[in-house]
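A.B. asks:
In C-alpha cells form, the structure reads like this:
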C-alpha cells in the first residue's frame, strides 16, 4: 500500500510537467502529449482517492477519462495533421490567425 | 299627446294637436330636410352625376312641392294647425327645440317656396347650361331652398334665425356667382353687409323677446300668447317689435336699407327670381306676420312707423323704376315697391296682415315669372339694357306672352293675380281708415302700371336695336314660364270674394275674417292701373332717343342718382368708417398686434436656438461620448486577442491559480 501523500506528489509533479509542456513547447504534437500528461495526473489522483475512500466510483471515472482522452487525442492529431498539410509547419506560434 | 315624429325609438317629439288628424302636416319638416340632403349630395356627388347634379335638386324640390300640396290640402279640407318639436339642448331654464309649426300660412308659404324653387331649378338647367360652376350653383340653390323652408316651418325664433342667416349666406354666394368680375363680388358684399345691418337689430329683438319671457321659451306661438295675454310690458314689446322690424327692413329691402337689392341683380337671373323676388326678400314680411302679436300689442307708433316706412318704400322705389334702363333693375325696384306694399299693410291690423300675405303669395308667382322672362330675354340678347332690345315679340312669342301676363298682373289688371291682391290691400286699408296710406298706394299702383308698360314696350315692341339674332329659349326655360303664367292667372281667384276667398280661410291670425268685394275700390284700382298703362303707352309707343323721362329735368336727375342715397352712405358712413375706423384698426393690427405676434415669435425663436445649442452640445455630446468611450476601451482591449493559443492557456492557468488561491483561503 503506497501512502497517499506520495501519490499526490507524483500526480502534482506529472501535472506540472504537463502544464510546462503546454505553455512552453512549440511543437503541436508535444503540446498534445503534455495534455495527455495532465489528464493522467488527474487519473492518478482519482485512483488514489478511490483507494482512500474505498469507493469504486473514482476508478470508474478514471476509465471514462481515459476514453475521452483517446477521443481527444484522435481529433487533436487530426487537426495537427491538417495544419501541417496546409501550412507546412506544426509550430503553434505561427498558427495565430484567430486574432483581432 | 306624445307620439314620435317618425322614428319612434330614436326621436321623441311633443305634439300639440288641434282637432282632427294631423294628416301630412306631420311630415312638413321633410319638405325642408329634402333640399338640404340634395345640397349635400350635389356637393359631394354632383360632378359625377350625369348632367351636373341638377337632377337631385329637381327631384327633392319636386317631392317637396307635392308634399306641400298635400299639407295645403289638409287646410283646404279644414284641418287645424299642428306643432311638433324635439329637444335640441337646454341652457338653464331655456329649452331649445327644433320644431315645426304648421298652420295655413306655413302651408301656403311651403307651396310658394317649393313651386317657385322647382320652376327655378328646372329653368336653370337651360339658363346656366355650360356655366363653369354649374354644379356649385345647384348646391347653393338647394341649400337656399332648405334654409327658406326652415324659416317657414320654424316654431321658434332661434331656428328661424338659423334659416335666416343661411339664406343670407346663399344670397351672398349666388349674387357673387360670377365673381371674376369685380362689380359682382362687390354687389355680393354690399348685399350681405346691408342686410347684416338689419340682422343685428333682429338678433337683439329676439334676445329681448326671449329675455322678456324670463328665458323660458323661444317658441313663437308661446311668445305670441304671452304678448297678447298682456304678460309683457308694452314698452318692452315695442322695443322688441322695433328691433324685429329692423331685420325685416334689411331682408325685405325696405327704405333706407333697400339699396342692396338693385345691385343684387348682378347674380344670375334665376337667382334673382327665386331669392331676390319671390322668397328670401319675402322672409322679412313673413317674419313680421309670424310674430304679428308682438307688433299688434306694441305701442301704436310702432305700427305707424312700419306703415310709414312701407309706403315710403312702395312709392319711392316705384318712382326709381321709371328711370332704369336695365330690365332687371326695373324689376328689382318693382320688387322693392311691392314689398313696401306688404310692409305697409302690416300697419293695418290683422286684416291688413292677411291681405299682405295674399299679396306676397300672388307677387311671388308673377314676379318670379317676370324675372324668369327677363332672364329668357337676356339669354337671347346677351344684354340687360332695354335700349338694346326691342321687337322681341316676333322672335320670342312664348316669352312675350308669358311676360305680358306677368306684367299685367303686376300692373293690377283684372282678372290676373295682382289685381285681386292689390284690391284686398286697398280694401283692408280702407276698413282700417288709413286714408293717407290708401291714396299713396293707389298712386303707387299707377306708377307701377306706367313703368310696367314702359318695360314691355321697350323690350318687345318696335324694332330690334341690339346685335345678333335673338331666338326663343329652350323648353326647360319656357316650360317654367308657362307654368308660372298659368299660376299667375289662377291664384288671384283664391282671394276673390266671389269665389268665397278660400285663401283667407287658410291664413288668419285668430279668426278667419270675412272678405268683402268693394266695387268702388276695385273701380279706383282698375282706373289707376289703366291710367298708368295708358300713360306708358302714350309716352313709349315709339322708341325715342333720349328716353322721354329725361324731360323731367331735376326730378330725373334725382331719380337717376337713386335719391343720392348711395352717395350719402358712401360719403357719410362708408368712407368715414373706412378711412377713420378701419385705418385705425388696420394700424393697430399692423403695428400692435403684428408686433406682439412677431415679438412672441422672436422670443420663441431665441429660446429655440438655446434649446438647440443645449441639444447639440450636451445631449448629443453625452450620447457620442458614451459611444467613443466604448470604442476607445474596445480598441485597447483588442490587443489581448493575440491569436497565440499558448498565451490563452497561460491566462487560463493563471486564472485557475487565482481562483484556487481565493477559494482555498476561505
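Protein chains in written order, with our numbering: chain P, 1 to 100; chain X, 1 to 666.
Where a beta carbon is used, it is the ideal one built from N, C-alpha and C, also for glycine.
In this structure, what does DSSP give as the bridge partners for residue 89 of chain X?
C.D. replies: In the DSSP output, where bridge partners are listed per residue, residue 89 of chain X has X:96.
A.B. asks: Would DSSP call residue 594 of chain X helix, strand or coil?
C.D. replies: Helix, per DSSP.
A.B. asks: By Cβ distance, which residues of its chain are closer than 7 Å to residue 23 of chain X, with the 5 residues on each side in sequence left out?
C.D. replies: Answer for residue 23 of chain X: 74 and 79, listed in chain order.
A.B. asks: DSSP state of residue 624 of chain X, grouped into three classes?
C.D. replies: Residue 624 of chain X falls in the helix class under three-state DSSP.
A.B. asks: Based on the DSSP output, what are the partners of residue 121 of chain X in its beta bridges?
C.D. replies: For residue 121 of chain X, which the question treats as bridged, DSSP gives no partner whatsoever.
A.B. asks: Are any of the Cβ atoms in chain B nearer than 8 Å to that of residue 23 of chain P?
C.D. replies: Of the chains in the structure shown, none is chain B; the protein chains are P and X.
A.B. asks: According to the Cβ coordinates, are residue 282 of chain X and residue 345 of chain X closer than 8 Å?
C.D. replies: No, these two residues do not count as a Cβ contact at 8 Å.
A.B. asks: Below 9 Å on C-beta distance, what does residue 611 of chain X contact in chain P?
C.D. replies: Simply none; closest approach about 42 Å.
A.B. asks: Would you kindly work out how many angstroms separate the C-alpha atoms of residue 10 of chain X and residue 86 of chain X, rounded to a whole number?
C.D. replies: In this predicted model, residue 10 of chain X has a pLDDT of only 32, less than 50, meaning its place in the structure is not dependable; the value taken from the coordinates is given anyway. Rounded to whole angstroms, residue 10 of chain X to residue 86 of chain X spans 11 Å at the Cα level.
A.B. asks: Nearest-angstrom Cα distance between residue 671 of chain X and residue 195 of chain X?
C.D. replies: A query on residue 671 of chain X cannot be resolved here, the shown segment of chain X reaching from 1 to 666 and no further.
A.B. asks: Tell me which residues share the same chain as residue 453 of chain X and place their Cβ nearer than 6 Å to its Cβ, disregarding the 5 neighbours each side in the sequence.
C.D. replies: Here the set comprises 533, 536 and 537.
A.B. asks: So is residue 592 of chain X buried or exposed if we call it buried at 16+ other beta carbons inside 10 Å?
C.D. replies: Residue 592 of chain X should be labelled exposed.
A.B. asks: Helix, strand or coil, according to DSSP, for residue 12 of chain X in the structure here?
C.D. replies: Caution applies to residue 12 of chain X, whose pLDDT of 40 falls short of 50 and renders its modelled position unreliable; the value that the coordinates give is listed next. In the structure shown, residue 12 of chain X sits in a strand (DSSP, three-state: E or B).
A.B. asks: To the nearest angstrom, how far is the alpha carbon of residue 52 of chain P from that of residue 94 of chain P?
C.D. replies: If I take the Cα positions, the gap works out to 45 Å.
A.B. asks: What would DSSP say about residue 384 of chain X, mapped onto helix, strand or coil?
C.D. replies: Reduced to three states, the DSSP call for residue 384 of chain X is coil.
A.B. asks: Helix, strand or coil for residue 2 of chain X? Go by DSSP, reduced to three states.
C.D. replies: In this predicted model, residue 2 of chain X has a pLDDT of only 36, less than 50, meaning its place in the structure is not dependable; the value taken from the coordinates is given anyway. In the structure shown, residue 2 of chain X sits in a strand (DSSP, three-state: E or B).
A.B. asks: Within the same chain, show all residues whose beta-carbon is closer than 8 Å to that of residue 351 of chain X, passing over the 5 residues directly before and after it, in chain order.
C.D. replies: Excluding residues within five positions, the ones whose Cβ falls inside 8 Å are 428, 431, 432 and 513.
A.B. asks: Work out the CA separation of residue 65 of chain X and residue 6 of chain X for me, nearest whole Å.
C.D. replies: Only weak support exists for where residue 6 of chain X lies, its pLDDT of 38 falling under 50; the coordinates are left without a value.
A.B. asks: Which residues, in order along the stretch 85-99 of chain P, keep a beta-carbon less than 8 Å from a beta-carbon of chain X?
C.D. replies: For the stretch 85-99 of chain P, which is checked against every Cβ of chain X, the residues closer than 8 Å are 92, 93, 95, 96, 97, 98 and 99.
A.B. asks: Please confirm whether residue 649 of chain X has its beta-carbon closer than 8 Å to some beta-carbon of chain P.
C.D. replies: Output row for residue 649 of chain X: interface = yes.
A.B. asks: Taking 8 Å as the CB-CB limit, is residue 19 of chain P close to chain X?
C.D. replies: By this cut-off, residue 19 of chain P is an interface position.
A.B. asks: Just checking: is the beta-carbon of residue 628 of chain X within a distance shorter than 8 Å of some beta-carbon in chain P?
C.D. replies: Residue 628 of chain X does not count as touching chain P.
A.B. asks: Return helix, strand or coil for residue 326 of chain X, following the three-state DSSP convention.
C.D. replies: In the structure shown, residue 326 of chain X sits in a strand (DSSP, three-state: E or B).
A.B. asks: As a quick exercise: from X:373, X:391, X:367 and X:111, pick the residue whose alpha carbon is nearest that of residue 418 of chain X.
C.D. replies: The shortest C-alpha separation from residue 418 of chain X is found at X:367.
A.B. asks: Quick check on the DSSP output: what are the complete alpha helix (DSSP H) runs of length 4 or more inside the stretch 15-65 of chain P, in order along the chain?
C.D. replies: List check, alpha helix (DSSP H) in window: 28-53.
A.B. asks: Could one say the Cβ of residue 657 of chain X lies closer than 8 Å to chain P's Cβ atoms, at least one of them?
C.D. replies: With 8 Å as the cut-off, residue 657 of chain X does not count as an interface residue toward chain P.
A.B. asks: When you compare each of X:257, X:155 and X:408 to residue 201 of chain X by their alpha carbons, which one comes out closest?
C.D. replies: Taking only the C-alpha atoms, the option nearest residue 201 of chain X is X:257.
A.B. asks: Am I right that residue 322 of chain X and residue 447 of chain X are in contact with their C-beta atoms under 8 Å? What's the rounded C-beta distance?
C.D. replies: Sure, about 7 Å apart at Cβ, within 8 Å.
A.B. asks: Between the alpha carbons of residue 509 of chain X and residue 354 of chain X, how many angstroms are there, rounded?
C.D. replies: The straight-line gap from Cα to Cα measures roughly 8 Å.
A.B. asks: Using CA coordinates, which residue listed in X:292, X:639 and X:114 is at the minimum distance from residue 279 of chain X?
C.D. replies: For the residues X:292, X:639 and X:114, the minimum Cα distance to residue 279 of chain X belongs to X:114.
A.B. asks: Excluding the 5 residues flanking residue 228 of chain X on each side, which residues of the same chain have their C-beta closer than 7 Å to its C-beta?
C.D. replies: The residues are 293 and 297.
A.B. asks: Could you tell me which residues DSSP puts in a beta bridge with residue 219 of chain X?
C.D. replies: According to DSSP, which records beta bridges pairwise, residue 219 of chain X is partnered with X:156.
A.B. asks: Grouping DSSP H, G and I as helix and E and B as strand, with all else coil, what is residue 91 of chain P?
C.D. replies: Strand.
A.B. asks: I need the straight-line Cα distance from residue 441 of chain X to residue 155 of chain X, nearest angstrom please.
C.D. replies: In a straight line, the C-alpha of residue 441 of chain X is about 33 Å away from that of residue 155 of chain X.
A.B. asks: For the alpha helix (DSSP H) containing residue 496 of chain X, list its first residue and its last residue.
C.D. replies: Where residue 496 of chain X is concerned, there is no enclosing alpha helix (DSSP H), given that its DSSP letter is neither H nor E.
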